[in-house]
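1 is the number of the first residue of the sequence shown in the UniProt record's numbering; add one for each residue after it.
Reviewing the structure listed below.
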Amino acid sequence: MEGETQKFSVCMSVYKNDNTADFTDAVLSIYNQTCPPDEIILVIDGPVSMTMYDAIEVLKEKTGIMKIIPLEQNMGHAIARQTAIEIAKNDLCAVMDADDISLPDRFEKQLQAFENYPDVSVIGGFINEFIRTVDNVVGSRIVPECDIDIKNYMKSRCPMNLVTVMFKKKDIMNVGGYQDWYCEEDYYLWIRLALAGYKFYNIQENLVNVRVGEKMYQRRGGKKYFLSEARLQKYMFDHKLITYPRYIYNVLIRWIVQVAMPNKLRGWVFRKFARK
(Lines of atoms letter the chains of each structure in order from A and count residues from 1; the text may use other names and numbers.)
(Lines give C-alpha, C1' and ligand atoms only; values in the text may rest on other atoms or scores of the structure.)
Protein backbone atom coordinates (compact mmCIF):
# COMPACT_ATOMS: atom_id res chain seq x y z
CA MET A 1 0.00 0.00 0.00
CA GLU A 2 1.35 3.37 -1.02
CA GLY A 3 0.16 5.06 2.20
CA GLU A 4 2.46 2.85 4.27
CA THR A 5 5.47 4.85 3.08
CA GLN A 6 3.92 8.28 3.63
CA LYS A 7 5.75 10.21 6.32
CA PHE A 8 3.92 11.79 9.23
CA SER A 9 4.58 13.25 12.67
CA VAL A 10 2.97 12.47 16.01
CA CYS A 11 2.42 15.44 18.33
CA MET A 12 2.34 14.78 22.08
CA SER A 13 2.69 16.71 25.31
CA VAL A 14 3.36 15.65 28.88
CA TYR A 15 3.04 17.55 32.15
CA LYS A 16 3.70 17.05 35.87
CA ASN A 17 0.49 15.13 36.67
CA ASP A 18 0.94 12.48 33.97
CA ASN A 19 1.77 8.95 35.12
CA THR A 20 5.18 7.74 33.95
CA ALA A 21 4.16 4.13 33.27
CA ASP A 22 1.06 5.22 31.36
CA PHE A 23 3.14 7.69 29.35
CA THR A 24 5.62 4.94 28.43
CA ASP A 25 2.76 2.71 27.25
CA ALA A 26 1.36 5.59 25.19
CA VAL A 27 4.65 6.28 23.41
CA LEU A 28 5.31 2.61 22.70
CA SER A 29 1.80 2.24 21.27
CA ILE A 30 2.54 4.85 18.59
CA TYR A 31 6.06 3.57 17.96
CA ASN A 32 5.12 -0.11 17.56
CA GLN A 33 2.71 0.50 14.69
CA THR A 34 2.20 -1.31 11.39
CA CYS A 35 2.92 2.14 9.88
CA PRO A 36 5.09 4.01 12.40
CA PRO A 37 5.75 7.76 12.33
CA ASP A 38 9.14 9.07 11.31
CA GLU A 39 9.12 11.60 14.15
CA ILE A 40 7.48 12.11 17.52
CA ILE A 41 7.33 15.70 18.75
CA LEU A 42 7.11 15.67 22.56
CA VAL A 43 6.44 18.96 24.32
CA ILE A 44 7.28 18.86 28.03
CA ASP A 45 4.69 21.31 29.32
CA GLY A 46 6.55 22.70 32.33
CA PRO A 47 8.73 20.86 34.85
CA VAL A 48 8.01 17.16 35.44
CA SER A 49 9.38 14.60 37.90
CA MET A 50 12.85 13.12 37.57
CA THR A 51 11.18 9.75 37.00
CA MET A 52 9.39 11.20 33.99
CA TYR A 53 12.55 12.88 32.67
CA ASP A 54 14.36 9.53 32.94
CA ALA A 55 11.54 7.75 31.10
CA ILE A 56 11.64 10.36 28.34
CA GLU A 57 15.37 9.86 27.85
CA VAL A 58 14.94 6.07 27.70
CA LEU A 59 12.16 6.39 25.12
CA LYS A 60 14.12 8.93 23.09
CA GLU A 61 17.02 6.49 22.83
CA LYS A 62 14.78 3.48 22.20
CA THR A 63 12.74 5.04 19.41
CA GLY A 64 15.41 7.23 17.81
CA ILE A 65 12.67 9.49 16.39
CA MET A 66 11.66 11.60 19.38
CA LYS A 67 12.28 15.33 19.40
CA ILE A 68 12.00 16.92 22.86
CA ILE A 69 10.67 20.48 23.29
CA PRO A 70 10.78 21.65 26.94
CA LEU A 71 8.66 24.61 28.08
CA GLU A 72 9.86 26.51 31.14
CA GLN A 73 6.39 26.58 32.68
CA ASN A 74 3.08 24.82 32.21
CA MET A 75 1.24 26.57 29.37
CA GLY A 76 -1.74 24.24 28.91
CA HIS A 77 -2.94 21.90 26.17
CA ALA A 78 -3.57 24.48 23.46
CA ILE A 79 -0.10 26.03 23.51
CA ALA A 80 1.61 22.66 23.99
CA ARG A 81 -0.22 21.11 21.02
CA GLN A 82 0.31 24.16 18.83
CA THR A 83 4.03 24.19 19.68
CA ALA A 84 4.35 20.56 18.60
CA ILE A 85 2.46 21.16 15.35
CA GLU A 86 4.58 24.18 14.43
CA ILE A 87 7.78 22.18 14.91
CA ALA A 88 6.55 19.05 13.07
CA LYS A 89 8.39 18.60 9.76
CA ASN A 90 5.62 16.67 7.98
CA ASP A 91 2.33 17.95 6.63
CA LEU A 92 0.43 15.00 8.10
CA CYS A 93 0.33 15.15 11.91
CA ALA A 94 -1.37 12.84 14.39
CA VAL A 95 -2.37 13.75 17.94
CA MET A 96 -1.64 11.48 20.89
CA ASP A 97 -2.29 11.94 24.60
CA ALA A 98 0.21 10.97 27.28
CA ASP A 99 -1.82 8.17 28.87
CA ASP A 100 -3.84 6.54 26.08
CA ILE A 101 -3.06 3.53 23.90
CA SER A 102 -3.30 3.58 20.11
CA LEU A 103 -4.25 0.35 18.39
CA PRO A 104 -1.32 -1.10 16.37
CA ASP A 105 -2.91 -0.38 12.97
CA ARG A 106 -4.33 3.05 13.80
CA PHE A 107 -1.97 4.99 11.54
CA GLU A 108 -2.13 2.46 8.71
CA LYS A 109 -5.91 2.91 8.58
CA GLN A 110 -5.65 6.68 8.71
CA LEU A 111 -3.05 6.86 5.94
CA GLN A 112 -5.25 4.63 3.79
CA ALA A 113 -8.23 6.87 4.52
CA PHE A 114 -6.28 9.94 3.36
CA GLU A 115 -5.56 8.12 0.11
CA ASN A 116 -9.24 7.25 -0.27
CA TYR A 117 -10.43 10.77 0.62
CA PRO A 118 -7.71 13.19 -0.54
CA ASP A 119 -9.93 16.26 -0.08
CA VAL A 120 -10.37 15.60 3.66
CA SER A 121 -8.35 17.63 6.21
CA VAL A 122 -8.99 15.72 9.45
CA ILE A 123 -9.48 11.98 9.98
CA GLY A 124 -10.44 10.45 13.32
CA GLY A 125 -12.26 7.43 14.65
CA PHE A 126 -13.90 5.83 17.67
CA ILE A 127 -12.46 5.47 21.16
CA ASN A 128 -12.95 2.80 23.80
CA GLU A 129 -12.80 4.12 27.37
CA PHE A 130 -11.32 1.85 30.01
CA ILE A 131 -10.50 1.89 33.72
CA ARG A 132 -7.16 0.43 34.88
CA THR A 133 -6.82 -2.26 32.18
CA VAL A 134 -7.71 -2.12 28.48
CA ASP A 135 -10.05 -5.10 28.75
CA ASN A 136 -12.15 -3.25 31.36
CA VAL A 137 -14.05 -1.15 28.80
CA VAL A 138 -16.68 1.10 30.38
CA GLY A 139 -17.82 2.93 27.26
CA SER A 140 -17.21 3.76 23.62
CA ARG A 141 -17.56 7.14 21.93
CA ILE A 142 -19.03 6.66 18.47
CA VAL A 143 -18.83 9.58 16.03
CA PRO A 144 -20.34 10.10 12.54
CA GLU A 145 -18.46 8.97 9.44
CA CYS A 146 -19.06 11.44 6.62
CA ASP A 147 -18.38 15.17 6.42
CA ILE A 148 -22.01 16.22 6.15
CA ASP A 149 -23.02 14.13 9.17
CA ILE A 150 -19.98 15.29 11.17
CA LYS A 151 -20.86 18.93 10.55
CA ASN A 152 -24.48 18.33 11.53
CA TYR A 153 -23.34 16.55 14.72
CA MET A 154 -21.05 19.51 15.40
CA LYS A 155 -24.10 21.69 15.98
CA SER A 156 -24.78 19.89 19.24
CA ARG A 157 -21.56 18.14 20.32
CA CYS A 158 -17.89 17.84 19.50
CA PRO A 159 -17.80 15.60 16.41
CA MET A 160 -14.22 14.29 16.56
CA ASN A 161 -12.38 12.28 19.21
CA LEU A 162 -9.29 14.46 19.59
CA VAL A 163 -6.90 11.67 20.62
CA THR A 164 -7.66 9.78 17.40
CA VAL A 165 -7.15 12.52 14.85
CA MET A 166 -4.61 12.84 12.06
CA PHE A 167 -4.73 16.06 10.04
CA LYS A 168 -3.08 18.12 7.34
CA LYS A 169 -0.86 20.64 9.08
CA LYS A 170 -1.28 23.35 6.44
CA ASP A 171 -5.08 23.31 6.82
CA ILE A 172 -4.87 23.52 10.60
CA MET A 173 -2.43 26.42 10.37
CA ASN A 174 -4.62 28.19 7.81
CA VAL A 175 -7.33 28.67 10.44
CA GLY A 176 -4.92 29.70 13.19
CA GLY A 177 -4.09 26.32 14.71
CA TYR A 178 -4.84 25.41 18.31
CA GLN A 179 -5.99 28.42 20.29
CA ASP A 180 -6.73 28.67 23.98
CA TRP A 181 -10.37 28.01 24.90
CA TYR A 182 -10.83 26.44 28.34
CA CYS A 183 -11.30 22.66 27.87
CA GLU A 184 -12.65 23.23 24.33
CA GLU A 185 -9.57 23.90 22.18
CA ASP A 186 -10.31 20.99 19.87
CA TYR A 187 -14.04 21.72 19.44
CA TYR A 188 -13.16 25.36 18.68
CA LEU A 189 -10.65 24.22 16.07
CA TRP A 190 -13.15 21.92 14.33
CA ILE A 191 -15.69 24.75 14.23
CA ARG A 192 -13.20 27.11 12.58
CA LEU A 193 -12.24 24.44 10.07
CA ALA A 194 -15.90 23.82 9.24
CA LEU A 195 -16.57 27.53 8.80
CA ALA A 196 -13.59 27.71 6.42
CA GLY A 197 -14.99 24.86 4.31
CA TYR A 198 -12.54 22.09 5.24
CA LYS A 199 -13.73 18.47 5.34
CA PHE A 200 -13.73 15.74 7.99
CA TYR A 201 -13.94 11.96 8.08
CA ASN A 202 -14.22 9.42 10.89
CA ILE A 203 -13.13 5.81 10.43
CA GLN A 204 -15.93 3.65 11.83
CA GLU A 205 -13.64 1.63 14.07
CA ASN A 206 -11.94 2.01 17.44
CA LEU A 207 -8.51 3.59 17.00
CA VAL A 208 -7.48 4.47 20.56
CA ASN A 209 -8.09 3.05 24.03
CA VAL A 210 -8.57 5.94 26.48
CA ARG A 211 -8.02 5.87 30.25
CA VAL A 212 -10.92 7.31 32.23
CA GLY A 213 -12.14 7.60 35.80
CA GLU A 214 -14.60 9.53 37.93
CA LYS A 215 -12.41 12.64 37.75
CA MET A 216 -13.13 12.79 34.03
CA TYR A 217 -16.77 13.55 34.79
CA GLN A 218 -15.80 16.08 37.45
CA ARG A 219 -13.70 17.93 34.86
CA ARG A 220 -16.74 18.05 32.58
CA GLY A 221 -18.77 19.94 35.14
CA GLY A 222 -18.75 23.11 37.18
CA LYS A 223 -19.47 26.75 36.45
CA LYS A 224 -16.17 27.48 34.69
CA TYR A 225 -16.60 24.54 32.31
CA PHE A 226 -20.21 25.51 31.61
CA LEU A 227 -19.35 29.13 30.88
CA SER A 228 -16.65 28.01 28.46
CA GLU A 229 -19.06 25.75 26.60
CA ALA A 230 -21.83 28.37 26.63
CA ARG A 231 -19.44 30.89 25.10
CA LEU A 232 -18.53 28.38 22.38
CA GLN A 233 -22.21 27.85 21.59
CA LYS A 234 -22.56 31.63 21.29
CA TYR A 235 -19.61 31.63 18.89
CA MET A 236 -21.39 29.07 16.69
CA PHE A 237 -24.60 31.11 16.77
CA ASP A 238 -22.77 34.36 15.95
CA HIS A 239 -21.17 32.64 12.95
CA LYS A 240 -24.53 31.21 11.82
CA LEU A 241 -23.48 27.62 12.37
CA ILE A 242 -26.52 27.06 14.60
CA THR A 243 -29.93 28.72 14.92
CA TYR A 244 -31.07 30.68 17.96
CA PRO A 245 -33.40 27.88 19.20
CA ARG A 246 -30.52 25.37 18.88
CA TYR A 247 -28.23 27.78 20.76
CA ILE A 248 -30.73 28.12 23.64
CA TYR A 249 -31.32 24.34 23.74
CA ASN A 250 -27.57 23.55 23.75
CA VAL A 251 -26.86 26.00 26.57
CA LEU A 252 -29.81 24.77 28.64
CA ILE A 253 -28.78 21.12 28.35
CA ARG A 254 -25.22 22.01 29.32
CA TRP A 255 -26.39 23.99 32.35
CA ILE A 256 -28.46 21.04 33.57
CA VAL A 257 -25.66 18.50 33.12
CA GLN A 258 -22.63 20.63 34.04
CA VAL A 259 -23.96 22.87 36.80
CA ALA A 260 -27.18 21.50 38.28
CA MET A 261 -26.21 17.82 38.21
CA PRO A 262 -23.97 16.16 40.87
CA ASN A 263 -20.81 14.35 39.70
CA LYS A 264 -22.11 10.80 40.17
CA LEU A 265 -25.29 11.50 38.24
CA ARG A 266 -23.29 13.30 35.57
CA GLY A 267 -21.11 10.21 35.17
CA TRP A 268 -24.20 8.05 34.69
CA VAL A 269 -25.64 10.48 32.12
CA PHE A 270 -22.40 10.51 30.12
CA ARG A 271 -22.21 6.71 30.11
CA LYS A 272 -25.92 6.33 29.28
CA PHE A 273 -26.44 9.03 26.65
CA ALA A 274 -23.01 10.17 25.43
CA ARG A 275 -21.42 6.75 25.11
CA LYS A 276 -22.30 3.44 23.55
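Heads up, the beta-carbon is just placed ideally off N, CA and C, and yes, glycines get one too.
* To do: Grab the span of the alpha helix (DSSP H) containing asparagine 202 for me, first residue to last.
  => For the purposes of this step, residue 202 is taken as residue 202 along the sequence shown, with counting starting at 1. Taken as a continuous stretch (DSSP letters only), asparagine 202 belongs to no alpha helix (DSSP H), being part of the beta strand (DSSP E) at 200-211.
* Asked: Smallest Cα separation from arginine 246: which of Tyr198, Ile101, Tyr153 and Ala55?
  -> As a working mapping, residue 246 is identified with position 246 in the sequence shown. The residue with the shortest Cα to Cα distance from arginine 246 is Tyr153.
* To do: State the start and end residues of the unbroken alpha helix (DSSP H) segment that holds phenylalanine 114.
  => Numbered from its first residue, the sequence shown carries residue 114 at position 114. Here the alpha helix (DSSP H) through phenylalanine 114 covers 106-116.
* By Cβ distance below 6 Å, which residues in the same chain neighbour valine 137 in space, the five residues on each side in sequence not counted? -> Mapped onto the sequence shown, residue 137 falls at position 137. The residues are Asn128 and Phe130.
* Cβ pair leucine 42, valine 208 closer than 9 Å -> Position 42 of the sequence shown, counted from the start, is the residue given in the question as residue 42. Position 208 of the sequence shown, counted from the start, is the residue given in the question as residue 208. The answer is no: Cβ separation not under 9 Å.
* **Rounded C-alpha distance that separates proline 118 from lysine 169** => Residue 118 sits at position 118 when you count from the first residue of the sequence shown. Residue 169 sits at position 169 when you count from the first residue of the sequence shown. Roughly 14 Å between the two C-alpha positions.
* To do: For phenylalanine 8, name the three-state secondary structure that DSSP assigns.
  => Working through the sequence shown from its first residue, we reach residue 8 at position 8. The answer is coil: DSSP assigns phenylalanine 8 none of H, G, I, E or B.
* Asked: With DSSP run on the structure shown, which of helix, strand or coil describes alanine 196?
  -> Within the sequence shown, numbered from 1, the residue matching residue 196 stands at position 196. Coil at alanine 196, not helix or strand.
* Under 9 Å between the Cβ atoms of isoleucine 79 and isoleucine 44? -> In the sequence shown, the residue the question calls residue 79 occupies position 79. In the sequence shown, the residue the question calls residue 44 occupies position 44. Their beta carbons are not under 9 Å apart, which means isoleucine 79 does not touch isoleucine 44 by this criterion.
* **Between the CA atoms of methionine 96 and asparagine 74 - distance to the nearest angstrom** => Translated into the one-based positions of the sequence shown, residue 74 becomes position 74. Translated into the one-based positions of the sequence shown, residue 96 becomes position 96. Looking at the two C-alpha atoms, the distance is approximately 18 Å.
* **Bridge partner(s) assigned by DSSP for phenylalanine 126** => Within the sequence shown, numbered from 1, the residue matching residue 126 stands at position 126. DSSP, once it has assigned bridges, lists Asn206 as partnering phenylalanine 126.
* By Cβ distance below 7 Å, which residues in the same chain neighbour serine 29 in space, the five residues on each side in sequence not counted? -> Here residue 29 refers to the residue found at position 29 when the sequence shown is read from its first residue. The answer, listed in chain order, is Ile101 and Ser102.
* For leucine 92, write down the residues that DSSP places opposite it in a beta bridge. => For the purposes of this step, residue 92 is identified with residue 92 of the sequence shown, where counting begins at 1. Lys168.
* With 16 other CB atoms within 10 Å as the buried threshold, where does tyrosine 173 fall? -> Stepping through the sequence shown from its first residue, residue 173 is reached at position 173. Per the sequence shown, the amino acid found at residue 173 is methionine instead of tyrosine. With fewer than 16 other Cβ atoms within 10 Å, it is exposed.
* **Helix, strand or coil at glutamate 2 according to DSSP, with G and I counted as helix** => Here residue 2 refers to the residue found at position 2 when the sequence shown is read from its first residue. Bear in mind that a pLDDT of 44 at glutamate 2, under 50, signals an unreliable position, so the model cannot answer this.
* Which two residues bound the contiguous beta strand (DSSP E) that contains glutamate 72? -> Here residue 72 corresponds to residue number 72 of the sequence shown, with the count starting at 1. Careful: glutamate 72 lies outside any beta strand (DSSP E) and carries neither H nor E.
* Could you please give the first and the last residue of the uninterrupted beta strand (DSSP E) stretch that includes valine 137? => As a first step, residue 137 must be located in the sequence shown, where it is residue number 137. Counting along the chain, the beta strand (DSSP E) containing valine 137 begins and ends at 137-141.
* Cβ pair aspartate 22, alanine 98 closer than 9 Å -> Within the sequence shown, the letter at position 22 stands for residue 22. Within the sequence shown, the letter at position 98 stands for residue 98. It is a contact, given that the beta carbons lie within the stated cut-off.
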